[in-house]
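Student: Can you keep this structure in mind? I'll have questions shortly.
Residue numbers (this note's numbering): 59 to 348.
Spelled out as structure tokens, the structure:
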């Protein structure tokens, strides 16, 4: 019986080479779509987790004024490491004919121990960088800005020209333009000159139990009204990965739909052949075959 089945199947393949080739192509593309979709999601998650570990990412990011009591918070048992507070000012970056909102953080020549910017091009700030700035890589790519370009910054302290000396990945929040404004870094002394009365700060915290980040953020905001906002690492991770997850789901869904369509074609072909055989058997019986 099995041998007869395989002989019949091979005969069917030989008699319909183009249909067979098309069906195999559909199945192959379907499998590739499903595999690519799953790999897209898994690959993005693994890469983000690698970068987060490399930069010693913060489990909590606190936004507030200059009086955020980070030294006091650092003494709590739930906290293992802190960085900041770093002054942060709002600016408008002008490059060519395009104006963009920009957040400038005052960080020195030594990178912070928590959520350090991951340099992708150029160099980091040095002591004599009075007009040097490092831009977030995603922001620079979106705006077509490269290392060595000159940009103009409009701040509360006036307008100043800066040279882009480096590009770096920032893991404090999700990537630009999904999360804006763009981010950048300059020397603290530069921010003192151009920042005016803008006194915002940003602080980074690592926790002994990262899974409790959201609960601990709420607790800190309840105890310290100086904290204007708190962003936990799980929200940031989800925001970063949502686009890749949607694209991965699209690829997987495309493959599944193709596979389903191929199954419908096979099912309809088999059904049609079955009805044809029933009709032949009926005709044969009507003329006396048994």
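Positions of the beta carbon are idealized from the N, C-alpha and C atoms, including for glycine. In this text, all values refer to a predicted model and were calculated from it rather than measured experimentally.
Taking C-alpha atoms, which residue in 235, 185, 203 and 171 lies nearest to residue 111?
Tutor: On the chain shown, residue 111 is found 53 positions in, with the first residue counted as 1. With distances taken between Cα atoms, residue 111 lies closest to 171.
Student: Using the rule of at least 16 other Cβ atoms within 10 Å of the residue's Cβ for burial, across every protein chain shown, is residue 289 buried or exposed?
Tutor: In the chain shown, counting from the first residue as 1, residue 289 sits at position 231. Residue 289 comes out buried.
Student: Would you mind sorting residue 206 into buried or exposed? The rule is 16 or more other CB atoms within 10 Å of its CB.
Tutor: Taking the first residue of the chain shown as position 1, residue 206 is located at position 148. Counting the other CB atoms within 10 Å of its CB gives residue 206 a total below 16, which places it among the exposed residues.
Student: Thinking just about the alpha-carbon of each residue, which of 147, 136, 204 and 229 is nearest to the one in residue 223?
Tutor: Residue 223 sits at position 165 when you count from the first residue of the chain shown. The shortest Cα separation from residue 223 among 147, 136, 204 and 229 belongs to 204.
Student: With DSSP as the reference, label residue 259 as helix, strand or coil.
Tutor: Translated into positions along the chain shown, residue 259 becomes position 201. Per DSSP, reduced to three states, the secondary structure at residue 259 is strand.
Student: What residues are listed by DSSP as bridge partners for residue 240?
Tutor: On the chain shown, residue 240 is found 182 positions in, with the first residue counted as 1. BP columns for residue 240 point to 160.
Student: By how many angstroms is the C-alpha of residue 107 removed from the C-alpha of residue 120?
Tutor: For the purposes of this step, residue 120 is identified with residue 62 of the chain shown, where counting begins at 1. For the purposes of this step, residue 107 is identified with residue 49 of the chain shown, where counting begins at 1. Looking at the two C-alpha atoms, the distance is approximately 21 Å.
Student: Within its chain, find whatever has a CB closer than 7 Å to the CB of residue 266; leave out the 5 residues flanking it on each side and keep chain order.
Tutor: Your numbering for residue 266 matches position 208 in the chain shown. Correct list, in chain order: 136 and 138.
Student: Please tell me whether residue 249 and residue 181 are closer than 8 Å, where the distance is taken between their beta carbons.
Tutor: Indexing the chain shown from 1 puts residue 249 at position 191. Indexing the chain shown from 1 puts residue 181 at position 123. In this structure, residue 181 does not lie closer than 8 Å to residue 249 by Cβ.
Student: Enumerate, from N- to C-terminal direction, the unbroken alpha helix (DSSP H) stretches of 4 or more residues contained entirely within the segment 166 to 253.
Tutor: 195 to 201 and 246 to 252
Student: Can you tell me the Cα-Cα spacing of residue 261 and residue 156, whole angstroms?
Tutor: Locating residue 261 in the chain shown gives position 203, where the first residue counts as 1. Locating residue 156 in the chain shown gives position 98, where the first residue counts as 1. Going by the C-alpha atoms only, they are around 30 Å apart.
Student: Counting along the chain, where does the beta strand (DSSP E) carrying residue 287 start and finish?
Tutor: As a first step, residue 287 must be located in the chain shown, where it is residue number 229. Boundaries of the beta strand (DSSP E) around residue 287: 285 to 290.
Student: Are the beta-carbon atoms of residue 117 and residue 264 separated by less than 8 Å?
Tutor: Residue numbering aside, residue 117 sits at position 59 when the chain shown is read from its first letter. Residue numbering aside, residue 264 sits at position 206 when the chain shown is read from its first letter. Yes, these two residues count as a Cβ contact at 8 Å.
Student: Let's see if you can read the secondary structure: which residues bound the beta strand (DSSP E) around residue 142?
Tutor: The residue you call residue 142 lines up with position 84 of the chain shown. 137 to 153 is the span of the beta strand (DSSP E), which, as asked, contains residue 142.
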